[in-house]
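Since the structure comes first, as structure tokens, the remarks are kept for the end.
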Amino acid sequence: MIIREKYLSKIRPFYDQDLIKVITGIRRCGKSVILLQIIEELKQKDIKESQIIYINFEFEDYSFIKDDMDLHNYVKEKIVNEEKYYLFFDEIQNVKDWEKAVNSFKASKNVSIFITGSNSDLLSGELATHLAGRYVSFNVYPFTFKEVCEFRNLKGANEKEKAFNDYIYWGGLPQRFMMTDEMQTKTYLSDVYNSIVIKDIIKRFNIKDLDLFR
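Numbering-wise, the sequence shown is residues 799 to 1012 according to this note's numbering.
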């Protein structure tokens, strides 16, 4: 795992700001990793683990949180004193009316809120409506080639040239560098593509003729 300082350096000044921190980007570009890196930095600043509430809504453990009231009640039980709490909501678009709970936390609790989302439900124009301008957003992208070199510890020119050709062909989604062969890479990227098409584009625009769309 590499520290994505390019993004952390932009988010870091807002760790304790009242604004909601919104991290967006395509699926599997590394948003969850950035949240976990932020959490590690907070712990290094002596923020207690009990003050950090992290929920990944793609995990089965949190499948019971279906709407804003479920989220509100769960978090309310975790906030037990007047200390500042840091709330991390990963893939929050999976929760119906999530913005109601987030706005409520912001208005009534001593919290710093971070949220991520992959699909078009978190487009900036709609965020302004959902959060009434009380947020700052950061768009995350897959690895740059510089990050690829750091991740794979590439030094020599020949290594870098081969890796660059590979990068141009397959792209920079972080998880694909864990694939061991071409078949795995193709399968993984196909799954990501289908996830974006089906879960984001088709769902958002209510496309009926899937064959024509594809």
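Backbone N, C-alpha and C fix where the C-beta goes; we use that ideal spot for every residue, glycine too.
Please classify residue i: is it buried, with 16 or more other beta-carbons within 10 angstroms of its beta-carbon, or exposed?
{"i": "E980", "result": "exposed"}
{"i": "E945", "result": "buried"}
{"i": "T822", "result": "buried"}
{"i": "D895", "result": "exposed"}
{"i": "D915", "result": "Sequence check: residue 915 is Gly here, not Asp. G915 should be labelled buried."}
{"i": "N937", "result": "exposed"}
{"i": "S910", "result": "buried"}
{"i": "Y967", "result": "exposed"}
{"i": "G969", "result": "exposed"}
{"i": "G828", "result": "buried"}
If you run the structure through DSSP and keep just helix, strand and coil, what is residue i?
{"i": "Y991", "result": "helix"}
{"i": "L952", "result": "coil"}
{"i": "V934", "result": "strand"}
{"i": "K910", "result": "Correcting the residue identity first, residue 910 is Ser in this sequence and not Lys. If DSSP states are grouped into helix, strand and coil, S910 belongs with the strands."}
{"i": "N963", "result": "helix"}
{"i": "T1052", "result": "Examination of residue 1052 is not possible in this model, given that the chain is present from 799 through 1012 alone."}
{"i": "I821", "result": "strand"}
{"i": "Y939", "result": "coil"}
I think residue i touches residue j, with their Cβ atoms under 8 angstroms apart; what is that distance to the nearest whole Å?
{"i": "Q842", "j": "K882", "result": "Not a contact, Cβ separation roughly 16 angstroms."}
{"i": "R825", "j": "V990", "result": "6 angstroms"}
{"i": "L833", "j": "D888", "result": "6 angstroms"}
{"i": "R932", "j": "K960", "result": "Contact doesn't hold; Cβ gap of about 47 angstroms is too wide."}
{"i": "F855", "j": "N892", "result": "4 angstroms"}
Check: Going along the chain, which unbroken runs of the alpha helix (DSSP H) with 4 or more residues stay wholly within the region 866-905?
Finding: 866-876
Checklist line | Any alpha helix (DSSP H) of 4 or more consecutive residues that is wholly inside the region 810-864 | finding: 829-842
Next item on the list: Please determine if the region 898-908 and the region 850-870 are in contact, where contact requires at least 3 C-beta pairs separated by less than 8 angstroms.
Entry: yes
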